[in-house]
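Per the UniProt record's numbering, numbering of the sequence shown is gapless, rising by one per residue and ending at 299. Positions of the beta carbon are idealized from the N, C-alpha and C atoms, including for glycine. Encoded as structure tokens, the structure appears first; notes follow it.
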Amino acid sequence: MEEKGYGFAFLAGITWGTIGIISYYLGETGVGPFEITFLRLFSAFLPMFIFYAVKDKKKLKIKKENIKHSLLIGIISQGIMGIGMYQCIVRTSVTVGVIMSCTGPLFTALLSRIFFKEKITPFKGLSLTLGFYGAFLIVTGGDISVLNTNKVGLLMGAVSGLAYGFFPILSKRIPKGSNSSGILIYSFLIGAVFVIPMLDIKVLIGALSFEMVGFSLMLGVVSTILAYVFYTKALEFISPTKAAIVSLVELPTAAIIGHLFLKEYLYPVNILGIFILLTGVIISKIKLPARKINLHENS
């Protein structure tokens, strides 16, 4: 059953890897970071709400005790994560923003240790190390001077990583048998509402076009709905730390997409980073065989 979990986490990483290019084209329509965050979340909420309103209205009903889960996920892992990521990008660069968002798995590992007493085994530690080093090579080419940048931007990036790292923790705490789809739907709405006070409505209205709506829907459906649905399914089969490590494939996905569509050339050191990161992902799947007890020992 664990293989399903790894598969879903892998798919979540790939769909998350499309955030950069879709956000780039959405930004080209004239909207800023707060507007992109709002459009991403609202464009995730609306299609899901309409789909279940037509297909299965039961999915739109959640118990009162589950409202708190939607609130926490919506505010922390949707609203704050999106604001932090895009603000980091604006204040620093796309490169630094990507690196900082990839601290999420590290926070997940630490939080899993606190909330679930999950041990950080040697293999998990090694896979995390390789994952982060591979990520560093992918986005910086090994040049650490890239990180000499705006301190407020770095702080916002760290906040984004922490909020991202909280998602599997908050999702894992949802009681079994709960309507996870409904909780996720309303978390998107809550996240979008959380961002509204920071919007520039004039900018949003001024940029309104078929292109803006189209890219918003792509960002909402592909990079958000599918990604979170895959990730939530992964958490049913594997631990939060393992899911977070495997989902790091979003970085090589983003790098390859950038190479193909945005003419961002991949140098040998970037390709090496991809292989190192994927090695870390593979190592996260390794399990030491259980020690067999010899019943005839000491007899």
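For this session: Identify whether residue 304 lies in helix, strand or coil by the three-state DSSP scheme.
Result: With the chain covering only 1 through 299, there is no way to say anything about residue 304.
For this session: Determine the burial state of K176: buried for a count of at least 16 other Cβ atoms within 10 Å of its Cβ, exposed for fewer.
Result: Numbered from its first residue, the sequence shown carries residue 176 at position 176. Exposed: under 16 other Cβ atoms inside 10 Å.
Exercise. Secondary structure at N66, three-state DSSP: helix, strand or coil?
Worked result: To locate residue 66, count along the sequence shown from 1; it is residue 66. Reduced to three states, the DSSP call for N66 is helix.
For this session: Might you give, ordered along the chain, the residues of its own chain that have their beta carbon closer than 8 Å to the beta carbon of I283, omitting 5 neighbours on each side?
Result: Looking up residue 283 in the sequence shown gives position 283. Same-chain partners within the cutoff: F123, L126, S127, L130.
Exercise. Around the Cβ of F210, are there at least 16 other Cβ atoms within 10 angstroms (buried) or fewer (exposed)?
Worked result: Position 210 of the sequence shown, counting from 1, holds the residue named residue 210. Flag for F210 reads exposed.
Exercise. Taking C-alpha atoms, which residue in T241, K4, G30 lies nearest to G165?
Worked result: Taking the first residue of the sequence shown as 1, we reach residue 165 at position 165. Nearest option by C-alpha distance: T241.
Exercise. Is the region 62-81 touching the region 187-202, taking contact as three or more C-beta pairs under 8 Å?
Worked result: Yes, the region 62-81 touches the region 187-202.
Problem set entry | Where the alpha helix (DSSP H) through Q87 begins and ends | As a position in the sequence shown, residue 87 is number 87, starting the count at 1. Start and end: 81-91.
For this session: With distances taken Cα to Cα, identify the nearest neighbour of F261 among K55, I201, T18.
Result: Translated into positions along the sequence shown, residue 261 becomes position 261. Closest by alpha carbon: T18.
Problem set entry | Within the region 14-44, ranges of the beta strand (DSSP E) (whole runs, at least 3 residues) | Within the region 14-44, no complete beta strand (DSSP E) run reaches 3 residues.
Exercise. Taking the Cβ atom as the reference point for each residue, do I169 and I183 lie within a distance shorter than 8 Å?
Worked result: For the purposes of this step, residue 169 is identified with residue 169 of the sequence shown, where counting begins at 1. For the purposes of this step, residue 183 is identified with residue 183 of the sequence shown, where counting begins at 1. Here I169 is not near I183, since their CB atoms are 8 Å or more apart.
Exercise. Going by the beta-carbon positions, is the gap between A158 and L277 smaller than 8 Å?
Worked result: For the purposes of this step, residue 158 is taken as residue 158 along the sequence shown, with counting starting at 1. For the purposes of this step, residue 277 is taken as residue 277 along the sequence shown, with counting starting at 1. No, the Cβ-Cβ distance between A158 and L277 is not below 8 Å.
Problem set entry | Contact set for Y133: own chain, Cβ-Cβ below 7 Å, skip 5 residues either direction | Taking the first residue of the sequence shown as position 1, residue 133 is located at position 133. Cβ within range, chain order: I276.
Exercise. Beta carbon of G82, beta carbon of L41: below 8 Å?
Worked result: Numbered from 1 along the sequence shown, position 82 holds the residue referred to as residue 82. Numbered from 1 along the sequence shown, position 41 holds the residue referred to as residue 41. The answer is yes: Cβ separation under 8 Å.
For this session: Would you identify the three-state DSSP class for E236, choosing helix, strand or coil?
Result: By 1-based counting over the sequence shown, the position of residue 236 is 236. E236 falls in the coil class under three-state DSSP.
For this session: Let me know if I22 comes out buried or exposed under the rule of 16 or more other beta-carbons within 10 Å of its beta-carbon.
Result: Along the sequence shown, one-based indexing puts residue 22 at 22. When all chains shown are included, I22 counts as buried.
Problem set entry | Proximity of K172 and F8 at Cβ, strictly below 8 Å | Counted from its first residue, the sequence shown places residue 172 at position 172. Counted from its first residue, the sequence shown places residue 8 at position 8. Between K172 and F8, the C-beta gap is not smaller than 8 Å, which leaves the two residues out of contact.
For this session: Enumerate in chain order the residues of its own chain whose CB-to-CB distance from A163 is below 7 Å, with the five nearest sequence positions on each side excluded.
Result: Counted from its first residue, the sequence shown places residue 163 at position 163. Scanning its chain for C-beta atoms nearer than 7 Å, with the 5 sequence neighbours on each side dropped, one finds around A163 the residues I76, S77, I80, M81, G84, in chain order.
Exercise. Would you call the region 248-262 and the region 10-17 in contact, with 3 or more CB pairs under 8 Å?
Worked result: Enough Cβ pairs lie closer than 8 Å, so yes.
Problem set entry | Chain-order list of residues whose beta-carbon lies under 6 Å from that of I73 (same chain, five-residue window excluded) | Stepping through the sequence shown from its first residue, residue 73 is reached at position 73. Listed in chain order, the non-local C-beta contacts of I73 below 6 Å within the same chain comprise L170, S187, local neighbours out to five positions each way being set aside.
Exercise. Is S178 helix, strand or coil by DSSP?
Worked result: In the sequence shown, residue 178 corresponds to position 178, counting from 1. The answer is coil: DSSP assigns S178 none of H, G, I, E or B.
For this session: Pick helix, strand or coil for L262, following the three-state DSSP scheme.
Result: For the purposes of this step, residue 262 is taken as the residue at position 262 of the sequence shown. In the structure shown, L262 sits in coil (DSSP, three-state: anything other than H, G, I, E or B).
Exercise. How big is the Cα-Cα spacing for G32 and L26?
Worked result: Counting from one through the sequence shown, the residue named residue 32 turns up at place 32. Counting from one through the sequence shown, the residue named residue 26 turns up at place 26. Their backbone Cα atoms lie some 9 Å apart in a straight line.
Exercise. With DSSP run on the structure shown, which of helix, strand or coil describes L137?
Worked result: Reading the sequence shown from its first residue, position 137 is the one you call residue 137. In the structure shown, L137 adopts helical secondary structure according to DSSP, grouped into three states.
For this session: Decide if Y265 is buried, meaning its Cβ has at least 16 other Cβ atoms within 10 Å, or exposed.
Result: In the sequence shown, counting from the first residue as 1, residue 265 sits at position 265. Result: exposed.
For this session: Flag this pair as yes or no: are the beta carbons of A207 and G97 separated by less than 8 Å?
Result: The residue you call residue 207 lines up with position 207 of the sequence shown. The residue you call residue 97 lines up with position 97 of the sequence shown. No; because the gap between Cβ atoms is not below 8 Å, this pair is not in contact.
For this session: Determine the closest residue to S178 out of L272, H69, A192, T279, with distance taken between C-alpha atoms.
Result: Translated into positions along the sequence shown, residue 178 becomes position 178. When each option's Cα is compared against that of S178, the closest is H69.
For this session: Excluding the 5 residues preceding and the 5 following S180 in the sequence, name in chain order all residues of the same chain whose CB lies nearer than 8 Å to its CB.
Result: Counting from 1 along the sequence shown, the entry for residue 180 is found at position 180. Excluding residues within five positions, the ones whose Cβ falls inside 8 Å are S171, I174, T232.
Exercise. Nearest-angstrom Cα distance between A12 and L39?
Worked result: What you label residue 12 is simply residue 12 of the sequence shown in a count that begins at 1. What you label residue 39 is simply residue 39 of the sequence shown in a count that begins at 1. Distance between the alpha carbons of A12 and L39 is about 20 Å.
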